[in-house]
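Those letters in the sequence shown? Residues 8 to 443, per the working numbering, in order.
No residue lacks a Cβ here, since even glycine has one placed at the ideal position from N, Cα and C.
See below for the structure under consideration.
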Amino acid sequence: MSSVPTPQYPLHRTWATASTPTSNTSLQLQEQGTGSTVQSPSSLDTVAISRVPSNETTRLVTAFTDRIKPTLGVQYNLAWTYGDYLNHVPARLGVNEALDSATDTFLAAVATLSDPLGAKSSPVLFEKYGRTLTSLRKCLDDPVKATSPETLCAILFLWNCQFIWQRNGPITTHADGVAQILRLRGSVEKCQDPFELNLLLSLRAVVLFDSLFNGRIAFDDQEWIAMFDSRLYELSPEGQAVQCLTRVPSLMRRIKAALTGDLLHQATLADLEKEAHALRADLEPALSRLRQRWQKNSSATDIAAKGLPHLAGLGHCHFLRTYSLGLAIAIFINEARLALCLDAAEILQESHEFALEITHLARIASQYRPLGASAVSICLLAAEVGAADVETKSAARSVRVEYASDFQGFQDVEVCQDLQLICGREWSRVLTRETM
8 MSSVPTPQYP LHRTWATAST PTSNTSLQLQ EQGTGSTVQS PSSLDTVAIS RVPSNETTRL
68 VTAFTDRIKP TLGVQYNLAW TYGDYLNHVP ARLGVNEALD SATDTFLAAV ATLSDPLGAK
128 SSPVLFEKYG RTLTSLRKCL DDPVKATSPE TLCAILFLWN CQFIWQRNGP ITTHADGVAQ
188 ILRLRGSVEK CQDPFELNLL LSLRAVVLFD SLFNGRIAFD DQEWIAMFDS RLYELSPEGQ
248 AVQCLTRVPS LMRRIKAALT GDLLHQATLA DLEKEAHALR ADLEPALSRL RQRWQKNSSA
308 TDIAAKGLPH LAGLGHCHFL RTYSLGLAIA IFINEARLAL CLDAAEILQE SHEFALEITH
368 LARIASQYRP LGASAVSICL LAAEVGAADV ETKSAARSVR VEYASDFQGF QDVEVCQDLQ
428 LICGREWSRV LTRETM
């Protein structure tokens, strides 16, 4: 299977932008009715660029900076979609051949999103991709370069390229290897380089979502907690929601083991059921904040951005997709609860209502396609899971296929509908047999 874009709700931040390289000021937006301010970093970690590129590195820096500049709309802005680590990339170009080549390939792939004839450029893309693989192999053979953040970034760029032109589902087989890299890297707190820190956080987000479906990726709760530095989430409701999500994969595995293993005890199941219900309760404060924030900012014109009209759409998109994320996480938690509950009408109804809401939000978010709303796809997958009837499930799938049509290879989406959570409502049948 091919890869997924990093699920770029900016999980490690509220939404942020970077000022132009020549500015020492930061950009701020007032969240309507909250009294809180969303602030951007004060500058890009980049190098000075000339108006007339004098060499290949300068050309790359210029081209890449154009794709992350704050004035570029959220529909095509790479930094808004893929993460803060991109703001550091221009300063890293020219020192690692794999990153340089991967950046060129990534930019070429992204260009096809706004080019109706992009499919015809596939031979050029694959040629660039092949050259990047060759450069990457050379770097991986170098003990120093193999462990550098630049080489890791090159890998992530190739990952993103595969999603753009070969999309066929929401998860990737490559996540297994990335999970091993993350395990070796250890706690986020060990990273002193902001580029590497944000890069690893983006990778962790991908692996976290993948682990809900991929049984080969297994971390215990403490390992997930160590990966997501809690200090990064203290003031962010979406960050708090992600912290709850980090507890879901391990919980699902333990529920599945209890339902299928030789040591099936009612006491164990009761403890797991209690834990699942507690996790849903833990999510509620963050979900409520996300809901309130969206309701207060559900119109882009409600977001104060004096003199910066392009940021109103960005804020609107962020509040929409982070609320969608919260709803999706609630559905995933509910699936763990449903695996253990024989009488679960209220849980089923809640998930169904959330599925309807996600589908509605996805239609609103369509204005931010292709990139700005691409992460809503994982929420639509949750909506399919949480829907209680065929009509709602089909509606969510239809919107997800529509989203996928922005990318090459979207025809394969329908082929990959056999994805299943590690443990969900279907496992309650095992519980039913055991209690008969």
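CA-to-CA, the gap between Ala-293 and Pro-150 works out to about 43 Å. According to the DSSP assignment, Ser-257 belongs to the alpha helix (DSSP H) that extends over 255 to 267. Under the criterion of beta carbons closer than 8 Å, Ala-394 and Ala-403 qualify as touching, at roughly 6 Å. Counting along the chain, the unbroken alpha helix (DSSP H) around Gln-247 starts and ends at 244 to 252.
DSSP places Trp-87 in the uninterrupted alpha helix (DSSP H) bounded by 85 to 89. Straight-line spacing of the CA atoms in Leu-132 and Ala-70 works out to 16 Å.
For Lys-76, the secondary structure class from DSSP, reduced to helix, strand or coil, is coil.
Going by DSSP, His-359 is part of the alpha helix (DSSP H) stretching over 352 to 372. Counting C-beta pairs closer than 8 Å gives fewer than three between the region 246 to 263 and the region 201 to 209, which falls short of the contact rule. Following the DSSP letters along the chain, one finds Gly-431 in no alpha helix (DSSP H), marked with neither H nor E. Of the residues assessed, Gly-268 falls on the exposed side of the cut-off, its CB having fewer than 16 other CB atoms within 10 angstroms. For Ile-385, the uninterrupted alpha helix (DSSP H) segment begins and ends at 383 to 393.
Separation of Glu-433 and Val-214 (C-alpha to C-alpha, rounded to the nearest whole angstrom) is 24 Å.
Between the C-alpha atoms of Ala-277 and Asn-341 there is a straight-line separation of about 16 Å. When C-alpha distances from Ala-351 are compared across Asn-304, Glu-280, Glu-398, the shortest belongs to Glu-280. C-alpha of Trp-87 to C-alpha of Gly-320: approximately 11 Å in a straight line. Asn-103 and Ile-224 have their alpha carbons spaced roughly 30 Å apart. For Ile-429, the closest C-alpha among the options Gly-222, Gly-246, Lys-145, Asn-62 is that of Gly-222.
Annotation: Ala-186 to Ser-412 spans about 29 Å, alpha carbon to alpha carbon. Put simply, the backbone Cα of Arg-300 is about 31 Å away from that of Phe-170.
Going by C-alpha positions, Arg-370 is about 33 Å away from Val-96. When secondary structure is reduced to three states using DSSP, Asn-103 falls in the coil class, being assigned neither helix nor strand.
Around the beta carbon of Thr-119, 16 or more other beta carbons sit within 10 angstroms, so the residue counts as buried. Under the three-state reduction of DSSP, Leu-67 is assigned to helix.
Restricting attention to Arg-376, Gly-322, Ala-346, Arg-74, the CA atom closest to the CA of Phe-113 is found in Arg-74. Per DSSP, the unbroken alpha helix (DSSP H) holding Arg-407 starts and ends at 397 to 411.
Less than 8 Å divides the Cβ of Leu-163 from the Cβ of Leu-210. Within the same chain, Leu-271, Thr-275, Leu-276, Leu-279 come within 7 Å of Ala-265 by CB-CB distance, once the 5 residues on both sides are set aside.
Following the DSSP letters along the chain, one finds Asn-304 in no alpha helix (DSSP H), marked with neither H nor E. Counting every other CB atom within 10 Å of its CB across the protein chains shown gives Val-392 a total of 16 or more, marking it as buried. The continuous alpha helix (DSSP H) containing Ser-209 extends over residues 201 to 217. With contacts defined by Cβ atoms closer than 8 Å, Ala-382 and Ile-365 do not form a contacting pair.
By the Cβ-count criterion, Asp-217 is buried, with 16 or more other Cβ atoms from all chains shown falling within 10 Å of its own Cβ. Straight across, the Cα-Cα distance linking Asn-167 with Tyr-410 is about 16 Å. Counting along the chain, Ala-346 sits inside no alpha helix (DSSP H), nor does DSSP assign it H or E at all.
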